[in-house]
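J.: Numbering (the working numbering), first residue to last: 123 to 376.
Even for Gly, the Cβ is constructed at its ideal location relative to N, Cα and C.
1) What is the DSSP secondary structure of residue 330, counted as helix, strand or coil?
2) For the segment 233-312, which segments carrying the beta strand (DSSP E) assignment without a break, of at least 3 residues, lie completely within its bounds, in sequence order?
3) Which term fits residue 168, buried or exposed, when burial requires 16 or more other beta carbons within 10 angstroms of its beta carbon?
4) Determine the closest residue to residue 251 out of 192, 369, 374, with distance taken between C-alpha atoms.
5) On the criterion of 16 or more Cβ atoms from any shown chain inside 10 Å, does residue 369 qualify as buried, or is it exposed?
6) Name the two residues that bound the continuous alpha helix (DSSP H) containing residue 356.
7) Got a sec, what are the start and stop residues for the beta strand (DSSP E) residue 191 sits in?
8) Give the secondary structure of residue 178 by DSSP, where H, G and I count as helix, E and B as strand, and everything else as coil.
9) Let's see if you can read the secondary structure: which residues bound the beta strand (DSSP E) around residue 145?
10) Tell me the DSSP secondary structure of residue 227 in three-state form.
11) On the DSSP bridge list, what partners appear for residue 170?
12) Give the straight-line distance between the Cα atoms of residue 231 and residue 158, rounded to the nearest whole angstrom.
13) Does DSSP put residue 128 in a helix, in a strand, or in coil?
14) Let me know the secondary structure DSSP gives residue 366 once reduced to three states.
15) Taking C-alpha atoms, which residue in 212, 331, 256, 309 lies nearest to residue 195?
16) Across the segment 144-156 and the segment 345-352, are there enough close Cβ pairs to call them in contact, namely three or more that are closer than 8 Å?
Dropping the structure here:
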């Protein structure tokens, strides 16, 4: 299994508009962060998680032209508003892309992007939107799902296995529930939200993410969804063994 960090930034990205780098060194290319997304691949299967506003550039950088399925973690704009770029994937595939979302997220997607999931004015649907169950097989990848508290909504926490290795993806949550602990315990790779050092009402802090990684006994933890206060080199110098900051374009082969 290979996992690519397509984007590891917050909803504003890094730098923010206005060339605002915050505490991040502009000379460090790994501080430039697009909106959060990953790609999970095996030799036969490719799964895209979320379609943020930077999707086109992310897929061009990854040299990826098509995917076997899309999973949406939740309906927030930084995770969905690049959905129009799926149209080109549809053209290359020749049929709608299978897409999966939890019921509440699917309802919002159907309302907000009706032309994508149902077509309009002679244009066909580009996504075949289906409900995301607790357990799903896509190609040779088994996907299991847990609901994660994210303020007043829930996001889908994802666990991927190809029978040899296991990856967890936990972005956009603010509480680690017992179900989440069971879901992510002892996995090989955990990509986890670590927004910033200061508390936030709907995202983990750096200390929480690091502490949870140790508690769960994950093999390797990679931080994502980081804002402009999270300088790459500073994090590398202070993080414990087994925990590292992600960066756009990072590929991890398991």
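T.: With the structure as the only source:
1) helix
2) 249-253, 257-260, 263-272, 275-283, 288-292
3) A residue is called buried when at least 16 other Cβ atoms come within 10 angstroms of its Cβ; residue 168 meets this threshold and is buried.
4) 192
5) buried
6) Per DSSP, residue 356 belongs to the alpha helix (DSSP H) from 354-360.
7) 191-193
8) helix
9) From DSSP, residue 145 is part of no beta strand (DSSP E); its letter is neither H nor E.
10) helix
11) For residue 170, which the question treats as bridged, DSSP gives the partners 161, 192.
12) 18 Å
13) If DSSP states are grouped into helix, strand and coil, residue 128 belongs with the strands.
14) strand
15) 256
16) yes
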